[in-house]
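There are 4 protein chains.
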Amino acid sequence: MSETGIKQLQQRIRDFADARDWDQFHSPKNLSMALIAEAAELVEHFQWLTEEQSRDLPEKTRTGVKHEMADIFVYLLRLADKLDIDLLEVAEQKIQLNEEKYPADKVRGSARKYTDY
Amino acid sequence: MSETGIKQLQQRIRDFADARDWDQFHSPKNLSMALIAEAAELVEHFQWLTEEQSRDLPEKTRTGVKHEMADIFVYLLRLADKLDIDLLEVAEQKIQLNEEKYPADKVRGSARKYTDY
Amino acid sequence: MSETGIKQLQQRIRDFADARDWDQFHSPKNLSMALIAEAAELVEHFQWLTEEQSRDLPEKTRTGVKHEMADIFVYLLRLADKLDIDLLEVAEQKIQLNEEKYPADKVRGSARKYTDY
Amino acid sequence: MSETGIKQLQQRIRDFADARDWDQFHSPKNLSMALIAEAAELVEHFQWLTEEQSRDLPEKTRTGVKHEMADIFVYLLRLADKLDIDLLEVAEQKIQLNEEKYPADKVRGSARKYTDY
């Protein structure tokens with residue numbers, strides 16, 4: 001599937017919603033709710049596992065996790081499409097911001113972001 | 001930024017975490033928590049808006065929404081990388097499943113998925 | 001059931017977990033994940049409804065909503081018990097803080113908290 | 001504060017919202033969003049901690065956790081009030097259901113609910 005990119009997926013989701021007349025339900029407000037509901041299904045897979053177990057999932061859990069991640073991504077793509085936001089671009093900008101905000105030589109080892117609570 | 005793809009972003013996030021020795025915090029369990037926390041920040045932007053307002057955001061809110069979506073995407077990319085999951089592939093599979101599960105000629109108009117609760 | 005209070009419920013949940021040797025899973029970290037997963041099931045009931053529809057739920061949805069709210073409350077009680085936090089007390093303190101933070105004569109009408117985003 | 005019960009808190013929250021004319025924002029749909037946003041702030045406190053660390057919080061984190069739990073409880077109380085649901089009653093029913101669903105002598109040790117994923 002290496003050829004299908006983000007734009008193509010967004011077009012396909014748009015066609016999917018249009019064909020079903022579901023666009024009326026896809027306000028950004030509602031999509032944010034659907035997205036977090038899927039994120040919670042992801043969390044559910046991990047909630048009683050140790051961190052170690054979460055790094056080495058049994059096949060059945062792994063399949064479930066994949067599905068939830070796909071659902072999250074689909075709603076994220078749909079929301080980005082509705083709001084005309086370029087996901088790759090904003091993600092790249094955010095990473096750059098983080099690179100500046102947390103200089104490696106300052107936070108390495110101390111991991112301040114994480115432990116300074 | 002049209003040239004940067006998902007794989008490049010994942011590499012950059014990996015380098016970012018490695019340079020700070022933060023990989024230790026990025027168990028899938030923890031990443032699922034970080035992801036849902038960002039999804040909730042997205043929800044917060046919309047919680048007191050009407051659906052109509054959510055479709056036409058003031059510039060300041062729109063900027064905030066962009067940042068949260070970037071954060072969600074970054075954690076989703078990171079989790080996919082840690083679990084060796086191809087996001088585009090699983091999203092495409094999920095859309096195909098949905099196309100089969102909700103045939104347009106059956107659900108159009110009635111919008112059963114949404115109103116049959 | 002008017003006689004059963006919060007302390008009795010917490011005792012019962014504690015006994016329930018002890019009898020099953022499930023205390024080991026109930027770290028505050030894990031309980032926060034379980035709580036948000038239940039909160040998301042609540043959100044799911046409302047995500048495609050209009051605000052108006054959410055105010056007047058069909059019986060079936062109402063029953064589902066009740067169950068999710070019960071689940072949220074049970075995990076909240078359990079977490080409070082594990083951390084030795086008095087829920088009624090902290091809620092009362094929080095309401096008092098909010099009363100001071102948002103003086104009625106200042107925010108009435110303008111509803112600044114909500115629209116000044 | 002031992003005298004203040006759930007009903008009194010709900011009355012106080014109602015008065016608080018009425019005095020500010022904020023009732024208009026408190027549709028069950030919106031309240032479910034506000035509740036999950038607070039639940040996520042709880043999760044944020046725990047996301048980079050080990051389970052062990054989450055059992056023994058530094059004072060500053062503990063104070064933050066208390067505030068988030070208060071916020072969750074306030075929105076849960078408000079939603080219960082709007083939907084005329086008795087939280088203590090539904091929680092008690094839910095615990096009873098769980099007691100029947102997971103018989104101690106069957107699930108003890110094996111902890112099936114948790115590990116059979």
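Residue numbers (the numbering used here), protein chains in the order written: chain A, 1 to 117; chain B, 1 to 117; chain C, 1 to 117; chain D, 1 to 117.
Backbone N, C-alpha and C define an ideal beta-carbon position, used for all residues, glycine too.
List, in chain order, every chain D residue whose beta-carbon is nearer than 8 Å to that of residue i.
{"i": "Q93 (chain C)", "result": "A70"}
Run through chain D and tell me which residues come within less than 9 Å of residue i, C-beta to C-beta.
{"i": "E44 (chain B)", "result": "M33, A34, A37, A40"}
{"i": "F25 (chain B)", "result": "Q47, W48"}
Quick one: which chain A residues come within Cβ less than 8 Å of residue i?
{"i": "N30 (chain C)", "result": "Q47, W48"}
Which residue marks the beginning of the alpha helix (DSSP H) containing residue i, and which one marks its end?
{"i": "P103 (chain A)", "result": "First-last for P103 (chain A): undefined, no H or E at that position."}
{"i": "D84 (chain D)", "result": "Per DSSP, D84 (chain D) belongs to no alpha helix (DSSP H) and is neither H nor E."}
{"i": "R55 (chain A)", "result": "51-55"}
{"i": "P28 (chain C)", "result": "28-46"}
{"i": "D18 (chain D)", "result": "6-20"}
Rank the options by C-alpha distance to the C-alpha of residue i and give the top, closest one.
{"i": "N30 (chain D)", "options": "C:I13, C:F46, C:D56", "result": "C:F46"}
{"i": "R62 (chain B)", "options": "A:D56, A:T63, A:P28, A:V74", "result": "A:P28"}
{"i": "A134 (chain B)", "options": "A:P58, A:R108, A:E89, A:F73", "result": "In the structure displayed, chain B extends from 1 to 117; residue 134 (chain B) sits before or after that span and is not available."}
{"i": "E38 (chain C)", "options": "C:Y102, C:L76, C:P58", "result": "C:L76"}
{"i": "V43 (chain A)", "options": "A:H26, A:M33, A:G64, A:E59", "result": "A:G64"}
{"i": "K7 (chain C)", "options": "C:Q96, C:R20, C:M33, C:D84", "result": "C:D84"}
{"i": "D56 (chain A)", "options": "B:M69, B:K82, B:R55", "result": "B:K82"}
{"i": "P103 (chain C)", "options": "D:K101, D:R20, D:I13, D:Q10", "result": "D:R20"}
{"i": "L124 (chain C)", "options": "A:Q24, A:D15, A:R108", "result": "Here chain C has residues from 1 to 117 only, and residue 124 (chain C) is not among them."}
{"i": "A80 (chain A)", "options": "B:E41, B:Q93, B:R78, B:K66", "result": "B:K66"}
{"i": "A70 (chain C)", "options": "D:M69, D:K101, D:F16, D:L97", "result": "D:L97"}
{"i": "D105 (chain B)", "options": "A:A17, A:S54, A:G5", "result": "A:A17"}
{"i": "Q54 (chain D)", "options": "C:R14, C:S54, C:H26", "result": "In the sequence as displayed, the identity of residue 54 (chain D) is Ser instead of Gln. Answer by Cα proximity: C:H26."}
Interface residues of chain C around residue i at Cβ under 7 Å?
{"i": "R12 (chain D)", "result": "I95"}
Run through chain A and tell me which residues come within less than 7 Å of residue i, C-beta to C-beta.
{"i": "A104 (chain B)", "result": "A19, R20"}
List the residues of chain D whose Cβ lies closer than 7 Å to the Cβ of residue i, in chain order.
{"i": "E51 (chain C)", "result": "S27, K29, N30"}
Given that residue i touches chain B, what residues does it touch there, using C-beta distances under 8 Å?
{"i": "E99 (chain A)", "result": "F16"}
Tell me whether residue i, by its Cβ, gets closer than 7 Å to a heavy atom of the ligand ZN.
{"i": "V107 (chain A)", "result": "Because no ligand of any kind appears in the structure shown, any question about the ligand ZN cannot be addressed here."}
Can you give me, in chain order, the residues of the region 53-66 of chain C that have a beta carbon less than 9 Å from any beta carbon in chain D? So the close ones are Q53, S54, R55, L57, R62, V65, K66.
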